[in-house]
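Working notes, structure below.
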Amino acid sequence: MADLQPVRGTHDLLPEEMRAHRRVSDLARGTAGLHGFDEIATPIFEFTNVFARTLGDTSDVVTKEMYTFEDKGGDRLTLRPENTAGVCRAFISNGLAQHAPVKYFYSGPMFRHERPQKGRMRQFHQIGIELIGAAQPLADVEVIACGRAILESLGVADDTVLELNTLGDTESRNAYRAVLVDYFQDHIDRLSEDSRDRLTRNPMRILDSKDDGDRKLVADAPIFSDYLNQESQDFFGAVTGGLDALGITYKLNPRLVRGLDYYCHTAFEFTTEALGAQGTVMAGGRYDGLIGMLGGPETPGIGWAAGIERLAMLSGVMPEADRPIAVVPMGEDAERRALTLVRDLRKAGLRAESAFSGNMKKRMKHANKINAVVAVILGDEELSRGVAQVKTLDDGTQREVALDRLADDLSVALSQG
Ligand code: ATP
Ligand code: MG
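FYI, in our numbering the residues of the sequence shown are 23 to 439.
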C-alpha cells in the first residue's frame, strides 16, 4: 500500500543507522562543548516569515524548497529548512542580546522539498553552531576551528578540504555587484535563462551556477578580491592569519558565494571528493545583517551547518550496539530470582536481558541471537548455593560467581573487554 511507504525523500532510521547518526551528533556536541558552544533547540516549525525574511525571496530554499502550510488557526507556518533563522529568532524572542556574545550548538531534522538522491533528502538532519554578538575576525577563526575539530573527532578531517572566501563588507559588495552586472550584461546572450533571472534579482548567485555555459562566462568574470576595500581586506587577513596560526589549511575559492544580502566577510565550506555530487559536508559564513533583518537589534553573527547523513556516510563508521548479558534461568524459582538479578545488573549500568521461555537449549540460542557477551546460567542447584555459572559465549569458558557479587564481577570483567 502506497501510504505505508515513508514519504518520498524521508527515511526510517533503524537502530544500526541511528547509532551512526548518534555517533556523529554526540561527538559533535562534545567537541562543540569543549569550544564553549551550549546546545539549544528551537521549534521544528516557525512562522513562514522567519525564513522568508532571512533567506530572501530569491533563494532556492524559499522559492522552491520550503514545506509551508496554513494551520487550523490560519497561521502560515513552515517546517524549518535550516536552523540559523530559528536560532536568531530565539535570540531576539528571549532578549539574549544582553548576554551576547552567545555560543550555541544544535542538532535536529530539517525539511526541504528537493529532488531526493544519495545524500539529498527531504527530511535530513543537521548539526550546527552559531556565535552571535561577536564582530571580530577571530570569532570566524573560532567557528571554523570548531568545525574542523568536529571533523577530526569523526575521523573525516583528512577527507575534506576547507574552501574559503570573503564577501567583504557592504561597500565592497556593492562595488563588485556593479561590475559583475556590467560584465554579464555584455554577455547576456550566453547566459542561461536561470542566470538571466538572477542577473536582476541576485547577480552574485550566477557565480555559483551549475550550467556549463554560465561556468565558462564565470571563469572570465571579474574577481571579488579586486574590489575589496581596505577594511574588508584587513578583516580577511586576520581570519587567514588566525587559521595559519592554528595550522588549519584552506583553499581560497573566489567563486564561493552566499547569495543573500546579509552574508558578509567570511564564507567557507568543507568539501569532499568522496561523496560524489553531494560534496559539501559543512557550510557556513558570517551573517551580520540577519538579526537586524528579522527585526532585532543589529547584531553580528557567524556559524555553520553540516549534514549528519553526509558526515555519517563519509566516516563510514557503523557502531555496534553494546553486547548484553543474557541471564538464563531454569525453573520457576530461578526465573523469579532472575528478575531481581537482571534489575541489579541494569542498575549497575550493564545491559542485561533474560529469556523466559523454552528449554535450556532454546534459551542459550536466544542468548546467542541477541549477541550476548556472557550467559549467566541459573538453575535450582546454583540457586540453592547462591551462585551462577557465567559462560563467555565467544570461547565457551565457564566459571562460577556468587550471586551477590555478580554485578561487581561483571562490571570489572566486561570493562576489561
Ligand atoms: P547543496 O549545495 O548540497 O544543496 P546547500 O547550500 O543547500 O547544499 P546548506 O543550506 O548550506 O546546503 O546546508 C548545509 C549542509 O547541510 C550541506 O552542506 C549538507 O551537508 C546538508 N544538506 C543540505 N541540504 C541537504 C539535503 N537535502 N539532504 C541532506 N543533507 C543536506
Ligand atoms: Mg540545497
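Where a beta carbon is used, it is the ideal one built from N, C-alpha and C, also for glycine.
Annotation: H57 to G264 spans about 16 Å, alpha carbon to alpha carbon. Shown here for T414: same chain residues with a beta carbon closer than 8 Å to its own, the five before and five after excluded, namely V395, V396, Q420 in chain order. Per the C-alpha coordinates, the member of T362, R332, R199, A107 positioned closest to H147 is R332. When only Cα atoms are considered, L363 and G380 end up about 19 Å apart. With a contact defined as Cβ atoms closer than 8 Å, E185 and T85 miss out at about 25 Å.
Cα atoms of S129 and D48: separation of roughly 10 Å, rounded to the nearest angstrom. Three or more pairs of CB atoms, one per stretch, sit closer than 8 Å, so the region 215-235 contacts the region 187-203. The closest heavy atom of the ligand ATP lies 6 Å or more from the beta carbon of A50.
Going by DSSP, G314 is part of the alpha helix (DSSP H) stretching over 312-315. For E320, the CB contacts under 6 Å within the same chain, skipping 5 residues up- and downstream, are G314 in chain order. No Cβ-Cβ contact shorter than 7 Å links L405 with R365.
The shortest CA-to-CA distance from A107 to any of F67, D93, H121 is the one to F67.
Here DSSP, grouped into helix, strand and coil, assigns K273 to strand. As for any beta strand (DSSP E) of minimum length 3 sitting wholly inside the region 43-96, the runs are 67-69, 89-92, ordered along the chain.
For N187, the pairing in a beta bridge is given by DSSP as A289. When DSSP states are grouped into helix, strand and coil, F246 belongs to the helix group.
The region 287-301 and the region 271-279 touch, with no fewer than 3 CB-CB distances between them shorter than 8 Å. Between S433 and A370, the beta carbon gap of about 6 Å places them in contact (Cβ cut-off 8 Å).
Shown here, V409 sits in a strand according to DSSP, grouped into three states.
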